[in-house]
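A.B. asks: My questions will all concern the structure given below.
There are 2 protein chains.
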Amino acid sequence: MFKANVYVTLRTGVLDPQGKAVRESLLSLGYDETQEVRIGKFIELTLDVDKYEVAKERVREMCEKLLVNTVIEDYRFELKEVTL
Amino acid sequence: MFKANVYVTLRTGVLDPQGKAVRESLLSLGYDETQEVRIGKFIELTLDVDKYEVAKERVREMCEKLLVNTVIEDYRFELKEVTL
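Chains G and W are the protein sequences, given in the same order.
Start counting the first sequence at 0; every next residue gets the next number (numbering that gives the first Met the number 0).
Start counting the second sequence at 0; every next residue gets the next number (numbering that gives the first Met the number 0).
This is the structure in structure tokens:
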């Protein structure tokens, strides 16, 4: 069994209106030190797979096919073996 | 200048309908090994602050006041000093 932590972020240069709105809220709350805010997704997957290499390839495929819009988003992930 | 990576996840026991929908999509695509999917947020903040301790306290406050709904969400963050 493996657990994957997938981090999905907007590519550099892609506008992030949600991040902009959060930044403006932080500024209005007095957090004047806030320079930039970018908001992405953090996806935790639990996979019933025995081999690290298989898990790695399957997560890569899931990202490319469903989890990530690779036109505007980047991703990276970590895998760790877990026992449930 | 500090960069903070904030990871916001649903608390254990809180239902995650978005994660459930993604899991069902993965299963329908043939990824039968998918056991659980939980979806959270990944927030990158850039802060114009000089001291590590100040940055840490400010990010904690931002999380408690705006970024995280602490009733249903947990968070953790990492800080690193950056030069722009």
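A virtual CB, placed ideally from N, CA and C, is assigned to each residue, including glycine.
Given the structure is predicted, the values throughout are model-derived calculations rather than measurements.
Does residue 35 of chain W have its Cβ less than 8 Å from a Cβ in chain G?
C.D. replies: Output row for residue 35 of chain W: interface = yes.
A.B. asks: I need the DSSP call for residue 30 of chain G, collapsed to helix, strand or coil.
C.D. replies: Residue state, collapsed to three classes: coil.
A.B. asks: Can you confirm whether residue 47 of chain G, when its beta carbon is compared against all beta carbons of chain W, has any partner nearer than 8 Å?
C.D. replies: Residue 47 of chain G counts as touching chain W.
A.B. asks: Which residue's Cα is closest to the Cα of residue 23 of chain W: G:34, G:44, G:9, G:35?
C.D. replies: Here the closest residue by C-alpha is G:44.
A.B. asks: Please name the residue or residues paired with residue 2 of chain G in a DSSP beta bridge.
C.D. replies: Bridge partners of residue 2 of chain G: G:45, G:79.
A.B. asks: Whole angstroms are fine: how far does the CA of residue 8 of chain W sit from the CA of residue 73 of chain W?
C.D. replies: Straight-line Cα distance between these residues: approximately 5 Å.
A.B. asks: Using only the alpha-carbon positions, how far apart do residue 36 of chain G and residue 27 of chain W sit?
C.D. replies: Computed Cα separation, rounded: 35 Å.
A.B. asks: Any C-beta of chain W within less than 9 Å: which residues of the segment 8–24 of chain G qualify?
C.D. replies: Those would be 8, 18, 21, 22, 24, in chain order.
A.B. asks: Could you list which residues in chain G have their beta carbon closer than 7 Å to that of residue 32 of chain W, in chain order?
C.D. replies: Within 7 Å Cβ-Cβ: 46, 47, 48, 57.
A.B. asks: Thinking just about the alpha-carbon of each residue, which of W:77, W:58, W:75 is nearest to the one in residue 31 of chain G?
C.D. replies: Measuring from the Cα of residue 31 of chain G, the nearest candidate turns out to be W:58.
A.B. asks: So what does DSSP say about residue 40 of chain W, is it helix, strand or coil?
C.D. replies: Residue state, collapsed to three classes: strand.
A.B. asks: What residue from W:2, W:13, W:0, W:4 has the CA that sits closest to residue 68 of chain W's CA?
C.D. replies: The shortest Cα separation from residue 68 of chain W among W:2, W:13, W:0, W:4 belongs to W:13.
A.B. asks: If we cut at 8 Å on Cβ distances, does residue 6 of chain G have a partner in chain B?
C.D. replies: No chain B is part of this structure, whose protein chains are labelled G and W.
A.B. asks: Which value, in whole angstroms, describes the spacing of the CA atoms of residue 34 of chain W and residue 71 of chain W?
C.D. replies: Each residue's alpha carbon lies about 22 Å from the other.
A.B. asks: For residue 80 of chain G, I'd like the list of residues in its chain whose CB is within less than 6 Å of its CB, leaving aside the five on either flank, ordered along the chain.
C.D. replies: 1, listed in sequence order.
A.B. asks: I need the straight-line Cα distance from residue 66 of chain W to residue 15 of chain G, nearest angstrom please.
C.D. replies: Using only the alpha carbons, I get a separation of about 16 Å.
A.B. asks: Here's the rule: buried if 16 or more other CB atoms are within 10 angstroms of the residue's CB, otherwise exposed. What is residue 53 of chain W?
C.D. replies: Under this definition residue 53 of chain W is an exposed residue.
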